[in-house]
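A.B. asks: Take this structure, written in structure tokens, and hold onto it; I'll ask about it next.
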Amino acid sequence: MKLAVDFILITGIVLNSLAIINLFRLKKRTLPQSILIIFWLFILGLIIFFYAALHKLKLLAFITYYFERGIRFVIPPLIFLYVNSIFRNSSTLIKRYLPHFIPFVIFLFFYMIPQSLGLNLDYLNYINKNFLHIVIVQNLYGILYFILSLKLFYSFKKALKLNYSSMSDTNFLWLQKFLVSFLCVLFIDLILTISEVSLGYNATWDSYVTVFFMIVAIGYIGYYGLTQSIVFLPNFLLEDLNNYNSSKQFYLKETQKSELKDRFNTLMSEEKIYLLSNLNLKILADKMKISERQLSAFFSEVLNSNFHDAINFYRVEETKMKLKTNTVNSHSITGIGLSSGFSSKSSFYRVFKKTTGLSPSAFIKQSHNSQQDHIE
1 MKLAVDFILI
11 TGIVLNSLAI
21 INLFRLKKRT
31 LPQSILIIFW
41 LFILGLIIFF
51 YAALHKLKLL
61 AFITYYFERG
71 IRFVIPPLIF
81 LYVNSIFRNS
91 STLIKRYLPH
101 FIPFVIFLFF
111 YMIPQSLGLN
121 LDYLNYINKN
131 FLHIVIVQNL
141 YGILYFILSL
151 KLFYSFKKAL
161 KLNYSSMSDT
171 NFLWLQKFLV
181 SFLCVLFIDL
191 ILTISEVSLG
201 YNATWDSYVT
211 VFFMIVAIGY
221 IGYYGLTQSI
231 VFLPNFLLED
241 LNNYNSSKQF
251 YLKETQKSEL
261 KDRFNTLMSE
271 EKIYLLSNLN
281 LKILADKMKI
291 SERQLSAFFS
301 EVLNSNFHDA
311 INFYRVEETK
321 MKLKTNTVNS
331 HSITGIGLSS
341 GFSSKSSFYR
351 VFKKTTGLSP
361 SAFIKQSHNS
371 QQDHIE
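Counting from 1, position 264 in the sequence shown corresponds to residue 264 in UniProt numbering; the numbering is continuous, with no gaps.
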């Protein structure tokens with residue numbers, strides 16, 4: 001059994017080391033990648049602590065003690081900062097998020113350091129006696145931060161996909177797996193700790209179970225991270241987001257704006273390119289003979305909109321026109337929406353209601369009543 005645990009821990013050390021080496025090899029590291037180095041160093045320190053405890057290496061266990069005790073208060077806000085740093089490229093980001101690490105600082109100075117120095121204090125004895133309850137609080141704290149990180153991730157993912165057609169779900173796959181995998185590890189640790197408290201047993205093996213699942217998670221997400229063209233995702237997102245933000249300010253010249261508006265209006269009114277359900281930024285940019293970056297800037301600077309909203313406006317207008325005619329007698333409402341360029345029933349109903357304030361059925365009824373009033 002000890003041999004198997006030993007193998008798992010060494011595997012974890014190797015995987016972490018590979019991740020850190022790959023990040024250090026980058027000639028130009030971004031803030032998200034620098035944050036990840038700190039993350040992997042903490043995970044590495046944790047695994048080395050359990051390796052030292054398994055082999056009774058007291059000096060090594062003492063050195064890595066701070067990683068083991070402090071990791072639950074460090075990693076959650078660190079990951080929250082990481083997600084923010086990917087999507088928000090700001091020089092003041094770290095300063096603004098430093099307060100999130102106050103619980104760790106308090107825990108460090110009021111528990112970890114006095115405990116490591118062997119001080120005999122009443123409150124330390126009380127904490128040690130009830131330390132499993134502290135672990136439960138730490139796990140809940142971590143779960144809260146990871147849920148907030150996931151919520152932030154999905155909100156930014158949705159916003160970026162609206163403006164960058166080249167960004168598919170696979171572009172976000174590693175970050176999503178990263179957050180979900182470690183959230184699962186926290187839930188496992190929480191369940192084990194609660195069962196230890198409620199059943200009244202005290203075992204060291206449950207910590208190794210948590211570490212095992214964490215190493216499995218590392219191997220799982222490491223595969224996706226290390227096989228991407230950019231190590232651990234951040235660069236392409238930051239580049240595209242920076243280009244988009246800068247395009248809002250000065251990307252297009254005044255002479256270009258009028259010309260691009262004419263081309264866009266021609267494609268919409270004459271060719272009705274919005275009827276293509278698979279229309280994306282790249283297809284439209286090719287039709288207008290400009291780059292995707294220029295097209296994103298056009299939507300932002302000229303139309304004060306984005307690709308998604310601008311195209312759906314024309315689709316809704318097309319749908320409204322059809323719903324007012326006899327087409328509604330020979331086709332289903334969903335069929336009319338799909339023929340107007342919407343890719344699915346759900347997106348059609350959602351966008352139509354958001355744009356008009358009415359469901360398609362309510363719009364038909366209102367339109368019919370207006371026609372009757374006009375006749376009378």
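In this text, a Cβ means the ideal position worked out from N, Cα and C, and glycines have one as well.
As the structure is a computational prediction, the values presented were derived from the model and not from experiment.
Determine the direct distance from the alpha carbon of A19 to that of K2, and round the result to whole angstroms.
C.D. replies: 26 angstroms
A.B. asks: Does H308 come out as helix, strand or coil in the three-state DSSP assignment?
C.D. replies: helix
A.B. asks: Is it right to say M214 is buried, meaning 16 or more other beta carbons lie within 10 angstroms of its own, or is it exposed?
C.D. replies: buried
A.B. asks: Can you find at least 3 beta carbon pairs, one from the stretch 336-348 and one from the stretch 305-318, that sit closer than 8 angstroms?
C.D. replies: With the cut-off at 8 angstroms, the stretch 336-348 and the stretch 305-318 touch.
A.B. asks: Counting only the same chain and skipping the five closest in sequence on each side, list residues whose C-beta sits under 6 angstroms from that of L275.
C.D. replies: G341
A.B. asks: I'd like the list of long-range same chain contacts for F73, defined as Cβ closer than 6 angstroms, with 5 residues on each side in sequence excluded.
C.D. replies: P103, F104, F107
A.B. asks: Below 7 angstroms between beta carbons: does that hold for Y145 and P99?
C.D. replies: no
A.B. asks: Assign W40 to one of two classes, buried (16 or more other C-beta atoms within 10 Å of its C-beta) or exposed (fewer than that).
C.D. replies: buried
A.B. asks: Using alpha carbons as the reference points, say which of R263, Q176, L252, S198 lies closest to I136.
C.D. replies: S198
A.B. asks: Helix, strand or coil for I290 per DSSP?
C.D. replies: I290 falls in the coil class under three-state DSSP.
A.B. asks: Would the beta-carbon of S149 fall within 7 angstroms of that of F80?
C.D. replies: In this structure, F80 lies closer than 7 angstroms to S149 by Cβ.
A.B. asks: Per DSSP, what kind of secondary structure is residue 379 in: helix, strand or coil?
C.D. replies: Because the chain here runs from 1 to 376, residue 379 falls outside it and cannot be looked at.
A.B. asks: Please work out which residues of its chain come closer than 8 angstroms, Cβ to Cβ, to V180, disregarding the five sequence neighbours upstream and downstream, and give them in chain order.
C.D. replies: L150
A.B. asks: Give the straight-line distance between the Cα atoms of L44 and S296, rounded to the nearest whole angstrom.
C.D. replies: 42 angstroms
A.B. asks: Output yes or no for whether 7 angstroms exceeds the beta carbon distance between L260 and K287.
C.D. replies: no
A.B. asks: List the whole-angstrom C-beta distance separating K353 from S359, where the pair is believed to meet the contact cut-off of C-beta under 8 angstroms.
C.D. replies: 6 angstroms
A.B. asks: Measuring straight from C-alpha to C-alpha, what distance separates L279 and V209?
C.D. replies: 48 angstroms
A.B. asks: Report buried or exposed for R69, applying the criterion of at least 16 other Cβ atoms within 10 angstroms of its Cβ.
C.D. replies: buried
A.B. asks: Mind checking which residues open and close the alpha helix (DSSP H) that includes E271?
C.D. replies: Segment: none, E271 is in no alpha helix (DSSP H) and carries neither H nor E.
A.B. asks: When you compare only the Cα positions, how much space is there between Q294 and T355?
C.D. replies: 26 angstroms
A.B. asks: Nearest by alpha-carbon distance to L192: which of Y141, L132, A217 is it?
C.D. replies: Here the closest residue by C-alpha is L132.
A.B. asks: Determine the DSSP secondary structure at L121, reduced to helix, strand or coil.
C.D. replies: coil
A.B. asks: Just to confirm before moving on: does the CB-CB distance between L152 and V83 stay below 7 angstroms?
C.D. replies: yes
A.B. asks: Just to confirm my understanding: we take T227, look at its own chain, exclude 5 residues before and 5 after, and list those with CB closer than 8 angstroms. What are they?
C.D. replies: Note that T227 scores 46 on pLDDT, short of 50, meaning its location in the model is unreliable; the coordinates nonetheless yield the value given after this. Answer for T227: no residue qualifies.
A.B. asks: Measuring only the C-alpha atoms, how far is S370 from G337?
C.D. replies: 22 angstroms
A.B. asks: DSSP on A203, reduced to helix/strand/coil?
C.D. replies: coil
A.B. asks: So what does DSSP say about F182, is it helix, strand or coil?
C.D. replies: helix
A.B. asks: Helix, strand or coil: how does DSSP classify F342 here?
C.D. replies: coil
A.B. asks: Please confirm whether F299 and S291 have their CB atoms less than 7 angstroms apart.
C.D. replies: no
A.B. asks: When you compare each of L54, K58, I35 to I94 by their alpha carbons, which one comes out closest?
C.D. replies: I35
A.B. asks: Quick check on the burial criterion: 16 or more other C-beta atoms within 10 angstroms. Buried or exposed for F348?
C.D. replies: buried
A.B. asks: Whole-angstrom Cβ separation of I71 and F42, contact assumed at under 8 angstroms?
C.D. replies: About 5 angstroms separates the two Cβ atoms, so the contact holds.
A.B. asks: Report the CB separation of L15 from G200 in whole angstroms; it is logged as a contact under 8 angstroms.
C.D. replies: Their Cβ separation, rounded to whole angstroms, is 35 angstroms, which puts L15 and G200 out of contact at 8 angstroms.
A.B. asks: What's the C-alpha gap between L23 and I38?
C.D. replies: 11 angstroms
A.B. asks: Taking the alpha carbon of K157 as the point to measure from, which residue in I143, G142, L140, L175 has its own alpha carbon closest?
C.D. replies: Nearest to K157 by C-alpha distance, out of I143, G142, L140, L175, is L175.
A.B. asks: Mark Q366 as exposed unless 16 or more other C-beta atoms lie within 10 angstroms of its C-beta, in which case mark it buried.
C.D. replies: exposed
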